[in-house]
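Reviewing the structure listed below.
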Amino acid sequence: MKTTILSIVIASLVAVASLSQTVIAQTGRPSTKVDVPFAFDYGTQHFAPGVYTVSMGDKNILTLSGGNRSSWAMIQAGYDPTQHKAGYVVFRKYGDQYFLTEYSPASGNLHASVFESDAERRAAHDFAANHGTPSRVQLAVLSNASGQAQSK
130 MKTTILSIVI ASLVAVASLS QTVIAQTGRP STKVDVPFAF DYGTQHFAPG
180 VYTVSMGDKN ILTLSGGNRS SWAMIQAGYD PTQHKAGYVV FRKYGDQYFL
230 TEYSPASGNL HASVFESDAE RRAAHDFAAN HGTPSRVQLA VLSNASGQAQ
280 SK
């Protein structure tokens with residue numbers, strides 16, 4: 130009985146994730162590319178350095194995709210009173226571990242904060258015990274039209 134319920138729950142989660150990806154692709158919401166020069170974690174996945182597309186699916190989901198990998202995570206989206214000319218992503222760095230934590234697309238007032246994952250909570254706890262406060266790494270997003278980095 131427990132395995133049947135677990136199978137149903139897993140199948141439901143897979144269906145919701147697949148549907149979310151389809152909805153995200155069709156919404157035309159803000160989407161930008163960012164060249165990340167280091168490995169990082171996002172949601173429950175680990176990503177290698179590379180160029181990634183960051184998209185807002187709806188007001189509570191941020192999607193990251195690149196190469197053959199894709200992941201989404203719950204976010205808290207909000208209004209930022211300062212309009213950004215250039216978009217950016219922010220990572221929190223704990224030693225040699227990076228976690229995607231913020232996204233703000235260019236030319237808008239949207240700001241998304243990624244909810245802390247279990248892996249980040251563990252890294253933060255371990256890092257705080259030995260080193261103190263994590264550092265913040267901000268990267269400019271690439272222009273969709275020319276692929277050149279935007280200045281801030």
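To convert, count from 1 in the sequence shown and add 129; that's our numbering.
For every residue, glycine included, the Cβ atom is placed at its ideal position computed from N, Cα and C.
Among G172, V163, A241, S184, whose alpha-carbon lies nearest the alpha-carbon of A178?
The sequence as given places Pro at residue 178; Ala does not occur at that position. Of the listed residues, the one whose Cα sits closest to P178 is V163.
Under a three-way DSSP split, which group does G164 fall into?
The amino acid occupying residue 164 in the given sequence is Asp; Gly does not appear at that position. Residue state, collapsed to three classes: strand.
Where DSSP assigns a beta bridge to V109, which residues make up the other side?
Because residue 109 is not part of the residues shown, which for the chain are 130 to 281, the question remains open.
Kindly indicate which three-state DSSP category H240 falls into: helix, strand or coil?
strand
Measuring CB atoms only, is the segment 214-223 touching the segment 251-270, in the sense that at least three cross pairs come out at less than 8 Å?
yes
Looking only at DSSP bridge pairs, what is H175 linked to?
For H175, which the question treats as bridged, DSSP gives the partners D170.
Reducing DSSP to helix, strand and coil, say where E249 ends up.
helix
Between the CA atoms of S242 and G261 - distance to the nearest angstrom
22 Å
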